[in-house]
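Let me begin by presenting the structure, written as structure tokens, before commenting on it.
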Amino acid sequence: RNGLAVPSSSASWLDSFIWPMLESRIVLPIRDVFGGRLRIAIAGGAALNNAIGRFYNAMGVELRQGYGLTETSPVISLNRENCNNPVTVGQPIPGLQIRLGDIEELQVKGPTVMKGYWKRPDATAEVFTEDGWFRTGDQADLSDAGRIRIKGRIKEIIVTSTGEKIPPTDMELAIQTDPLFEQVMVVGEARPFITALAVVNEAEWEKFAKEFNVDPSDDRMLMRRDIRMAALKRLKKAASRFPQYGIPRNIRLLKEHWTVDNGCLTVTMKLRRPIIREKLRAEIDELYTVPQNNV
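In this text, residue positions in the sequence shown follow my numbering: the first is 64, and each later residue adds one.
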């Protein structure tokens with residue numbers, strides 16, 4: 064219905080027979096959680112995990128991702144009926160032009176774009192190109208039938224010492240599809256390879272620790288080599304669709320969550336990367352001073 068490829072196999076002919084059973088046993092109970100009548104929901108404010116988007120669409124709750132900035136009043140694009148791909152933030156709204164600038168920066172132009180920041184001419188000049196296009200600061204891809212896929216904030220792109228450029232957000236969201244990893248931040252700026260800081264989910268950590276017959280309340284177990292290697296293996300499986308150079312080669316497991324109160328998250332629940340890097344400087348250095356685990 065949305066013009067997306069549907070995986071097929073020799074058993075695809077069974078779909079029409081199996082679907083009624085799946086709908087009654089799985090789909091309807093999930094929709095009942097939302098009252099039973101919800102059919103469309105809008106996601107915005109932060110990147111939507113692709114797995115979550117696909118799941119809810121499969122359940123018949125059409126989750127449409129949108130995108131915009133305060134400076135654009137605020138909507139730039141939205142996935143629409145029969146044209147919804149949860150990997151993207153949809154097509155631009157009518158009257159708004161889009162293009163890609165240097166390093167694939169998404170730039171927009173149209174009547175909903177601000178004229179400038181109030182009494183801040185220098186700041187205004189920084190966000191507009193010479194020919195009048197607003198620079199969003201986001202790196203994007205436009206190859207999906209005109210739908211916009213946001214890769215990440217340009218200022219957050221990690222450049223390794225070997226010159227590889229890795230947008231961290233997609234990688235972090237992919238890793239978080241494994242329930243063991245509740246919060247993830249990948250690092251590697253000016254370093255030879257990418258590594259990851261991962262805050263574990265308490266319940267999943269208890270189950271994971273029991274697999275190794277260790278006490279989950281003993282924080283020293285987070286540093287045990289065999290446990291870290293097993294966690295890294297799970298991380299690599301979750302991130303397997305990414306280029307090899309961008310997948311973390313070492314991991315540090317943590318228990319303390321990043322929150323607004325401890326200064327590690329913004330009020331919109333986004334990572335405050337410089338603060339986290341400063342707080343965990345020693346932990347990050349350790350990732351590069353011990354042999355990485357080639358799992």
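Idealized CB from N, CA, C, for every residue including glycine.
Note that the structure is a prediction, hence the values are computed from the model and not measured.
Cα-Cα, which of the options is closest to residue i?
i: L169; options: S224, I81 and Q160; result: Q160
i: E274; options: M286, A293 and D281; result: A293
i: L343; options: L141, V250, T232 and L111; result: V250
i: V96; options: A106, A259, M122 and M84; result: M122
i: M284; options: V263, R100, A302 and S71; result: V263
i: I89; options: V124, Q128, P184 and S75; result: V124
i: L132; options: G200, D241 and A114; result: G200
i: Q307; options: E227, E252 and E267; result: E227
i: I314; options: L350, G66, K178 and A114; result: L350
Beta-carbon within less than 6 Å of residue i's beta-carbon, same chain only, minus the 5 sequence neighbours each way: which residues are those?
i: F244; result: I238 and A261
i: L334; result: M248
i: D204; result: R212
i: G116; result: L126 and P149
i: W82; result: none
i: S136; result: T175
Indicate the three-state DSSP secondary structure (helix, strand or coil) for residue i in the structure shown.
i: I211; result: strand
i: T199; result: strand
i: Y130; result: strand
i: P255; result: coil
i: P155; result: strand
i: I161; result: strand
i: A261; result: strand
i: M122; result: coil
i: Q239; result: coil
i: E193; result: coil
i: V358; result: Per-residue confidence for V358 stands at a pLDDT of 45, beneath the threshold of 50, marking its modelled position as unreliable; the derived number appears in the next sentence. Here V358 sits in coil by DSSP.
i: D278; result: coil
Any idea if residue i is buried or exposed, counting beta-carbon neighbours within 10 angstroms, 16 or more meaning buried?
i: V323; result: exposed
i: D348; result: exposed
i: E341; result: exposed
i: I103; result: exposed
i: N142; result: buried
i: A345; result: exposed
i: V69; result: exposed
i: P311; result: buried
i: M286; result: exposed
i: E265; result: exposed
i: E189; result: exposed
i: W76; result: exposed
i: I257; result: buried
Could you pull out every residue in the same chain whose Cβ sits closer than 7 Å to the Cβ of residue i, ignoring the five residues on either side in sequence?
i: G108; result: T331
i: R183; result: none
Confirm, please, whether the CB-CB distance from residue j to residue i is below 8 Å.
i: G195; j: K172; result: yes
i: G164; j: R210; result: no
i: N145; j: N120; result: no
i: L236; j: N112; result: yes
i: T223; j: R254; result: yes
i: L316; j: R336; result: no
i: M234; j: F118; result: no
i: E134; j: F191; result: no
i: D282; j: K318; result: yes
i: A106; j: Q128; result: yes
i: D185; j: T151; result: no
Output needed for residue i: all residues of its chain with C-beta closer than 8 Å, excluding positions within five of it in sequence on either side, in chain order.
i: Q202; result: I166, E167, E168, L169, I213, K214, G215, R216, I217, I220 and P230
i: I339; result: M248, L260, W321 and C327
i: S280; result: none
i: I156; result: V138, I139, S140, L141 and T175
i: T329; result: V323 and R335
i: E269; result: P279
Hey, is residue i close to the ligand ATP, as in C-beta under 7 Å from one of its heavy atoms?
i: I213; result: Of the ligands one can find in the structure shown there are none, so the ligand ATP has no counterpart to examine.
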